[in-house]
Amino acid sequence: MTPTNAPALYESKLRSLPLLARGKVRDNYAVGADRILMVASDRLSAFDVVMREPIPGKGELLTQLALFWFARLADVVPNHLTGDDPESVVAEGERSQVRGRAMLVKRLAPLPVEAVVRGYLAGSGWKEYTATGAVCGVALPAGLRNADKLPAPIFTPATKAEAGAHDENITFDRMRERVGPELAARVREVSIRLYERAVEFALARGIIIADTKFEFGLDEQGTLTLMDEVLTPDSSRFWPHESYAEALREGRNPPSYDKQFVRDWLEQASVDGRPWNKQAPAPTLPPDVIAHTAARYREALLRLTVPAGNGPD
Ligand SMILES: Nc1ncnc2c1ncn2[C@@H]1O[C@H](COP(=O)(O)OP(=O)(O)O)[C@@H](O)[C@H]1O
Ligand SMILES: [Mg+2]
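In this note's numbering, each number is its position in the sequence shown, counted from 1, plus 810.
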């Protein structure tokens, strides 16, 4: 990919299309009745709060990485891409707002669950395991450490929370009640297959995908379709392979490519002399935190998409 080096975009403002919704990261516009223009802004959310400063380049990096994976995983399950050019549906003067950072997709009926797959024990999975010995009702062997590899990838669904709320881990049985048993089984099977394929690919490029979240929808024919973004640092935990073993031995979180750096900074940040309460507004991100975060996103994309030997390192 060639980065456009466009100025940071905190919020798109397209007048030629009706705005459907602004998510934490993406602005969705209706294109007729059956398509959506998804514009990935440079917003960053952490602890489900949107930061007030953009991360330059982030929207474009997310979009390019998602497109990269959609192409590589297209044989596993259909995805929402239409193949149409996002710049073709906006006014001439608005093209710079969508260039490199947008996807023109089929408008789907989203399933009310997030399809999370974990190959390693981290984050909310690790927390649940230490409390109960299981994650989302999936029992795991005793004695696992933080960041340990699981015997096999597990499917641990979550509810898709309304705006402002936090997603909540649920059991597979709860998911069956929400979407029906056949669809639940198919989503689980497809998600694990997508994850396994991505893991194998990423490992060859020095990245461990510890876990990831997929979203699916149904098209007009009822076909299960992969949507949203896939396998980006926003939806996944990426660890550099070379520092994994040492982190595991020392009981630390591996230095991830995702938002962990910002989260760690936010955990020690204070607002008016008190620790931040994780409610909006977020503390002001200092320039070095912004720059470091932008660099982590860039490095993830380069590592994954540029074969070894051709990269900058
Ligand atoms: N093909 C699609 N059809 C309908 N909705 C979609 C499609 N792809 C993604 N979405 C939805 O668009 C939104 C993307 O914006 P995002 O900023 O990620 O929102 P959120 O704050 O909900 O994570 C999500 O709510 C996602 O579920
Ligand atoms: Mg999202």
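From the three backbone atoms N, C-alpha and C, an ideal C-beta is built for every residue, glycine too.
- Task: Would you mind sorting glycine 869 into buried or exposed? The rule is 16 or more other CB atoms within 10 Å of its CB.
- Result: buried
- Query: How far does the beta strand (DSSP E) with alanine 962 in it reach, from first residue to last?
  - Reply: 959–965
- Answer yes or no: do alanine 925 and phenylalanine 1011 have a C-beta to C-beta separation smaller than 9 Å? no
- Of the residues Pro1093, Leu872 and Arg1059, which one's Cα is nearest the Cα of valine 1072? Pro1093
- Decide if the stretch 863–880 is in contact with the stretch 817–825; the criterion is three or more beta carbon pairs, one per stretch, under 8 Å apart. yes
- Item | Contacts around valine 1040, its chain only, beta-carbon distance under 6 Å, and the 5 residues preceding and following it disregarded | Ala876 and Trp879
- Secondary structure at phenylalanine 1024, three-state DSSP: helix, strand or coil? strand
- Message: So, for tryptophan 936: in the same chain, excluding its five sequence neighbours on each side, which residues have a beta-carbon less than 8 Å away from its beta-carbon?
- Response: Asn956 and Ala957
- Query: With burial defined as no fewer than 16 other Cβ atoms inside 10 Å of the residue's Cβ, what is the status of leucine 1013: buried or exposed?
  - Reply: exposed
- Query: So is threonine 873 buried or exposed if we call it buried at 16+ other beta carbons inside 10 Å?
  - Reply: buried
- Compare the beta carbon distance of aspartate 1074 and arginine 1047 with 9 Å and say whether it is the shorter of the two. no
- Query: Out of curiosity, what's the CA-to-CA distance linking lysine 1088 and serine 1080?
  - Reply: 11 Å
- Item | Every unbroken alpha helix (DSSP H) inside the stretch 960–1013 [4 residues or more] | 982–989 and 991–1013
- Message: Given this structure, state the Cα-to-Cα distance separating phenylalanine 982 from glycine 947, to the nearest angstrom.
- Response: 7 Å
- Measuring from the CB of serine 1045, is there a heavy atom of ligand 2 at a distance below 8 Å? yes
- Query: I think glutamate 978 touches glycine 1016, with their Cβ atoms under 8 Å apart; what is that distance to the nearest whole Å?
  - Reply: That belief does not hold up - the Cβ atoms of glutamate 978 and glycine 1016 are roughly 33 Å apart, past 8 Å.
- Query: Taking three-plus beta-carbon pairs below 8 Å as touching, is the stretch 1028–1039 in contact with the stretch 911–925?
  - Reply: yes
- Should valine 887 be listed as close to ligand 1, given that the test is whether its C-beta is under 8 Å from any heavy atom? no
- Task: Inspect the beta-carbon positions of alanine 1090 and valine 835 and report whether they are closer than 9 Å.
- Result: no
- Query: Is arginine 853 buried or exposed, if buried means 16 or more other CB atoms sit within 10 Å of its CB?
  - Reply: buried
- Message: Can you give me the C-alpha to C-alpha distance between alanine 884 and proline 1085, rounded to a whole angstrom?
- Response: 45 Å
- Item | phenylalanine 1048 in three-state terms, based on DSSP | strand
- Task: Compare the C-alpha of threonine 986 against each of Arg998, His976 and Ala975 and name the closest.
- Result: Inspection of the sequence shows that residue 986 is occupied by arginine rather than by threonine. Out of Arg998, His976 and Ala975, Arg998 has the C-alpha closest to the C-alpha of arginine 986.
- Item | Length of the line joining the Cα atoms of aspartate 1123 and leucine 1111 | Confidence at aspartate 1123 is low in this model, with a pLDDT of 49, below 50, so the placement of that residue should be treated as unreliable; the coordinate-derived value is given next. Looking at the two C-alpha atoms, the distance is approximately 13 Å.
- Item | Delimiting residues of the beta strand (DSSP E) encompassing threonine 1035 | 1034–1037
- Message: Would you say the beta carbon of glutamate 1039 is closer than 8 Å to some non-hydrogen atom of ligand 1?
- Response: yes
- Task: Tell me the start and end of each unbroken alpha helix (DSSP H) in the stretch 1082–1118 that is at least 4 residues and wholly inside, in chain order.
- Result: 1097–1115
- Which value, in whole angstroms, describes the spacing of the CA atoms of aspartate 894 and leucine 921? 24 Å
- Query: For aspartate 1082, does the count of other Cβ atoms within 10 angstroms reach 16, so buried, or fall short, so exposed?
  - Reply: exposed
- Message: I need the DSSP call for alanine 1079, collapsed to helix, strand or coil.
- Response: coil
- Query: Excluding sequence positions up to five away, which residues of its chain have a Cβ less than 7 Å from the Cβ of proline 896?
  - Reply: Leu847, Val908, Ala912, Met913 and Leu914
- By how many angstroms is the C-alpha of isoleucine 1002 removed from the C-alpha of alanine 1104? 29 Å
- Item | Span separating the alpha-carbon of serine 1066 from that of tryptophan 1049 | 5 Å
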